[in-house]
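K.L.:
This is the structure I want to talk about, given as structure tokens.
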Amino acid sequence: MANMTVFGAQWGDEGKGKIVDLLSADVACVVRYQGGNNAGHTVIVNGEKHVLHVIPSGILHEGTLCVIGNGVVLDPFVFLNELDNLEAKHIDTSPKRLFVSPKTQLIMPYHRVLDSAREAMKSAEGKIGTTGRGIGPCYEDKMARIGVRAGDLKDKDLLRRKIETALVEKNALFKNLYHVEEMDADKVFDEIMSIADRLIPYVQDTTALFYDLKKQGKSCLFEGAQGVMLDIDHGTYPFVTSSNTVCSNASVGSGIPAEFITEHIAIVKAYTTRVGAGPFPTELFDETGEYLQKKGGEFGATTGRTRRCGWFDACVLRECYRVCKPTTFALTKLDVLGGLDEIKICTGYMLNGEKLETPPCSAGDFAKAEPIYESLPGWKEDISSCLKYEDLPENAKKYVARLEELIGVKAGFVSVGPDRNQTIRR
Ligand code: GDP
Ligand code: IMO
Ligand code: MG
């Protein structure tokens, strides 16, 4: 099998975890390359639900190696908590199969405080609606070259100095700007040291691991978090996350030459959802939106917030195609659309009297874009037990075919329910 990425094409929560889990059986290694525990990836196997925030969704397949790459921001406490949860289910999480790059940035307690304090101070229009997990502040410290990396856990003096340095600035902000309690460097250091011994065995040279796997002709799957529209450069800035979510970041975020990764699987939800603030032209505020929200169980896997719901937006997918060029896509949650008389697809926007085919660059313009819809007939059947493409109702097949036409590639997978086996492979 080729090395491949699996990434979100919209605003996250497309069902990446489910498809990564499915494909994990066929690869040697699954790698997270960006984001942190802002992600929530749900996998359901034989009715048992697993929600993974930082550990790759490949962990449920015995024998598949899992790597947390250098591009990730890792909250060590969340990581250990996730290990505990998996161990309680008798899933092997030993350092023989799970690795953390020494270059991975660690989310520190002060990053979480800064994230929440900053959001709290913003005006209602300015709020991004972050997950409050310290993602942005951790990436800021990485770029400012004052971040703490997983490898630093092995050097106590360096770790202490880094915490002290970071807190000089953070405490000035906490005290004078945000009016929250200052943090004590010794306490933060002790807190990190209390878990360091458990974490250190996982910190291993992942570049060497990838190199060995390549030499042996084994393949890796790179698991994206969030989605293209939340990309720090290509998304609806500033209503985005703080990393590059596009599939090309898999190379940088794990340390693998880009030419080694040849398959790119976009995960595409059959309608659109978004958590947090920001433009969303096809958002529905009526009973259809409520129908999708309820039937799709659209609650955030990380924060429990209700996800905003709307029609499928082909302009978003055109942008995804332009910046990522997926080789195929997996269409998820098609079952959720069942029961609707009519299904709409946004094929363009009107903005200031002009027709647009892709999202405008500015969030202000995006917020003003009016969707242009076409309408397709729905289907009444429950498709959640369809195992073959041919078994789908004619109108469901017509909907898939129209999306393929608009997206520009074929759907390699059609997902008709949350369980691993509710997937049609074509
Ligand atoms: P991710 O962040 O992209 O991995 O997606 P999430 O796990 O946050 O959200 C997707 C949700 O939809 C989860 O609750 C999945 O169990 C569920 N899901 C995935 N695929 C399907 C599907 O085809 N049909 C239905 N009904 N639910 C699905
Ligand atoms: P998965 O991987 C959906 C959103 C947040 C907020 C914005 C910035 O499960 O698809 P952050 O905490 O990253 O600074 O928040 O990004 N967001 C997500 N939305 N799915 C996710 O991950 C998300 N991760 C972040 O709601 O609007
Ligand atoms: Mg999610």
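Numbered according to the working numbering, the sequence shown spans residues 4 to 429.
Just so it is clear, CB atoms sit at the ideal spot from N, CA and C, and this is done for glycine as well.
Taking residue 430 as the reference, give the member of 350, 305, 333, 336 with the closest Cα.
P.N.:
Beyond the ends of the chain as shown, which are 4 and 429, falls residue 430; an answer cannot be given.
K.L.:
With residue 181 and residue 76 assumed to form a contact (beta carbons below 8 Å), what rounded beta-carbon distance in angstroms separates them?
P.N.:
The count along the sequence shown starts at 1 and reaches residue 181 at position 178. The count along the sequence shown starts at 1 and reaches residue 76 at position 73. In fact, because the Cβ distance is near 21 Å, the residues do not count as touching under 8 Å.
K.L.:
Out of 186, 171, 101, 80, which has the shortest C-alpha to C-alpha gap to residue 136?
P.N.:
In the sequence shown, counting from the first residue as 1, residue 136 sits at position 133. Of 186, 171, 101, 80, the residue nearest in Cα terms is 80.
K.L.:
Is DSSP giving residue 40 helix, strand or coil here?
P.N.:
Here the question's residue 40 lines up with position 37 in the sequence shown. The answer is coil: DSSP assigns residue 40 none of H, G, I, E or B.
K.L.:
Is there at least one non-hydrogen atom of the ligand IMO closer than 8 Å to the beta-carbon of residue 62?
P.N.:
Translated into the one-based positions of the sequence shown, residue 62 becomes position 59. Incorrect: residue 62 has no Cβ contact closer than 8 Å to the ligand IMO.
K.L.:
Go ahead and label residue 288 buried or exposed: buried means 16 or more other beta carbons lie within 10 angstroms of its beta carbon, across all protein chains shown.
P.N.:
For the purposes of this step, residue 288 is taken as the residue at position 285 of the sequence shown. Label assigned to residue 288: exposed.
K.L.:
Determine the DSSP secondary structure at residue 146, reduced to helix, strand or coil.
P.N.:
Residue 146 sits at position 143 when you count from the first residue of the sequence shown. Residue state, collapsed to three classes: helix.
K.L.:
Below 8 Å, is the gap between the Cβ of residue 299 and the nearest heavy atom of the ligand MG?
P.N.:
In the sequence shown, the residue the question calls residue 299 occupies position 296. Every heavy atom of the ligand MG is 8 Å or more from the Cβ of residue 299, so no.
K.L.:
Between which two residues does the alpha helix (DSSP H) holding residue 321 run?
P.N.:
Taking the first residue of the sequence shown as position 1, residue 321 is located at position 318. 317–327 is the span of the alpha helix (DSSP H), which, as asked, contains residue 321.
K.L.:
How close, in whole Å, do the beta carbons of residue 314 and residue 276 come, if the pair is a contact with beta carbons under 8 Å?
P.N.:
The residue given as residue 314 occupies position 311 in the sequence shown. The residue given as residue 276 occupies position 273 in the sequence shown. Not quite, the Cβ-Cβ distance comes to about 11 Å (not below 8 Å), so this is no contact.
K.L.:
Does the separation of the CB atoms of residue 358 and residue 299 fall below 9 Å?
P.N.:
Position 355 of the sequence shown holds residue 358. Position 296 of the sequence shown holds residue 299. It is not a contact, given that the beta carbons lie outside the stated cut-off.
K.L.:
Can you tell me whether residue 252 is buried or exposed, with buried defined as 16 or more other CB within 10 angstroms of its CB?
P.N.:
One-based indexing of the sequence shown puts residue 252 at position 249. It counts as buried.
K.L.:
Whether or not the region 210–218 and the region 254–261 are in contact is what I'm after, with contact meaning three or more pairs of Cβ atoms, one per stretch, closer than 8 Å; do they touch?
P.N.:
Yes, since at least three Cβ pairs between the region 254–261 and the region 210–218 fall closer than 8 Å, the two stretches touch.
K.L.:
Given a cut-off of 9 Å, decide if residue 167 and residue 177 are closer than it, judged by their beta-carbon atoms.
P.N.:
The sequence position of residue 177 within the sequence shown is 174, counting from 1. The sequence position of residue 167 within the sequence shown is 164, counting from 1. Result no, Cβ atoms of residue 177 and residue 167 do not sit closer than 9 Å.
K.L.:
Alpha carbon to alpha carbon, how far is residue 87 from residue 229? Give it in angstroms, no decimals.
P.N.:
Start at 1 with the first residue of the sequence shown, and residue 229 comes out as number 226. Start at 1 with the first residue of the sequence shown, and residue 87 comes out as number 84. Going by the C-alpha atoms only, they are around 24 Å apart.
K.L.:
List in chain order: all unbroken beta strand (DSSP E) runs of 3+ residues lying wholly within the region 84–148.
P.N.:
Qualifying beta strand (DSSP E) stretches, in chain order: 101–103.
K.L.:
So residue 95 and residue 60 are in contact, right, with Cβ under 8 Å, and what is the actual spacing, rounded?
P.N.:
In the sequence shown, the residue the question calls residue 95 occupies position 92. In the sequence shown, the residue the question calls residue 60 occupies position 57. The Cβ separation is near 15 Å, so there is no contact.
K.L.:
Closer than 6 Å by C-beta to residue 204: which residues in its own chain qualify, once you throw out the five before and the five after it? Chain order, please.
P.N.:
To locate residue 204, count along the sequence shown from 1; it is residue 201. Answer for residue 204: 98, listed in chain order.
K.L.:
Comparing C-alpha positions only, which one of 54, 5, 117 sits nearest to residue 304?
P.N.:
Your numbering for residue 304 matches position 301 in the sequence shown. Nearest C-alpha to residue 304: 54.
K.L.:
What span of residues does the alpha helix (DSSP H) with residue 213 cover, start to end?
P.N.:
Position 210 of the sequence shown, counted from the first residue, corresponds to residue 213. Start and end: 209–218.
K.L.:
Beta-carbon separation of residue 334 and residue 409 under 9 Å?
P.N.:
Mapped onto the sequence shown, residue 334 falls at position 331. Mapped onto the sequence shown, residue 409 falls at position 406. Taking 9 Å as the Cβ cut-off, residue 334 and residue 409 do not qualify as a contacting pair.
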